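Just below is one structure, and these are the notes that go with it.
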Amino acid sequence: MDYLLEFYEAKYHLSVAQRMLGIYEEYAEKRVLVGVIREGAKAAGKLVRAFLIREGVKGNLKTFVDKVAPKYLNEIAVLNLVNILEVERAQRICKVEFARKDEVLMEVNGDWKILKVSRLREFVESVSDIVSSFPTDIKR
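Here's what the structure looks like:
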C-alpha cells in the first residue's frame with residue numbers, strides 16, 4: 006500500500022504544476038516556469054517510486070526504465086518522464102538562467118540549453134497521462 010502514498014503525492018505535485026502552467030498564461034514570469042519544472046519533476050519522481058514499489062523492485066531510475074516501464078508505458082512517455090527529471094537536475098545546477106518570451110535559457114556546464122514552454126507543457130501532459138494510466142483499483 007505504500008505505492009498509493011507515492012501515487013497520491015505524484016497527483017498532488019502534478020496538479021500544482023498544471024495550475025502553475027495556467028498561471029503562466031496570465032503572469033509570464035521565469036519563477037513560475039521554474040516552479041513548473043520542479044513540481045513536474047517531483048511528480049515524475051513520485052511516479053517512478055510508485056511503480057517500483059508496486060512491482061516490488063528495488064532500484065533507481067535506470068531500473069525503472071529497463072525493467073518496470075516497458076510493462077506499462079510506451080517509449081515516448083518514458084522518454085518524457087526521464088527528460089523532465091533531467092531538465093530539473095540541469096535547472097538546479099545551472100548558474101545563469103533567463104526567461105525570454107516563451108523560452109527559458111539555462112547555462113549548464115558551459116553549454117546553453119533552451120527550454121520552450123510548449124515542450125514543458127508536453128512533459129506535464131505526459132506525466133498526467135502516466136498518472137491516469139497507473140494500474141490501481143482507485144477510481145479517478
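In terms of the numbering used here, the sequence shown opens at residue 6 and continues consecutively. The beta-carbon is built from N, C-alpha and C at its ideal position, and this holds for glycine as well. None of these values were measured; they are calculated from a predicted model.
Just tell me which of the options has its CA closest to the CA of residue i.
i	options	result
residue 87	129, 24, 38 and 23	129
residue 106	80, 121 and 114	121
residue 114	40, 20, 53 and 95	95
residue 147	92, 82, 40 and 15	In the structure as shown, the chain begins at 6 and stops at 145. Residue 147 is therefore absent and cannot be evaluated.
residue 124	15, 21, 64 and 85	85
residue 103	38, 75 and 52	38
Looking only at its chain, what residues have a beta carbon closer than 8 angstroms to the beta carbon of residue i, apart from the 5 residues adjacent to it on each side?
i	result
residue 23	129 and 133
What span of residues does the beta strand (DSSP E) with residue i cover, start to end?
i	result
residue 101	101–105
Tell me which residues share the same chain as residue i and place their Cβ nearer than 6 angstroms to its Cβ, disregarding the 5 neighbours each side in the sequence.
i	result
residue 118	111
residue 89	45, 46, 49 and 128
Can you look up residue i in the DSSP assignment and give me helix, strand or coil?
i	result
residue 57	helix
residue 34	coil
Quick one: is residue i near chain B, going by C-beta distance under 7 angstroms?
i	result
residue 83	No chain B is present in this structure, which holds just one protein chain.
Which residues in the same chain as residue i place their Cβ atom closer than 7 angstroms to its Cβ, once the five residues preceding and following it in sequence are excluded?
i	result
residue 73	56, 57, 60 and 62
Quick check on the DSSP output: the alpha helix (DSSP H) that includes residue i runs from which residue to which?
i	result
residue 139	Neither: residue 139 is in no alpha helix (DSSP H) and is coded neither H nor E.
Those runs of the alpha helix (DSSP H) which lie wholly inside the segment 61–90 and span at least 4 residues
74–77
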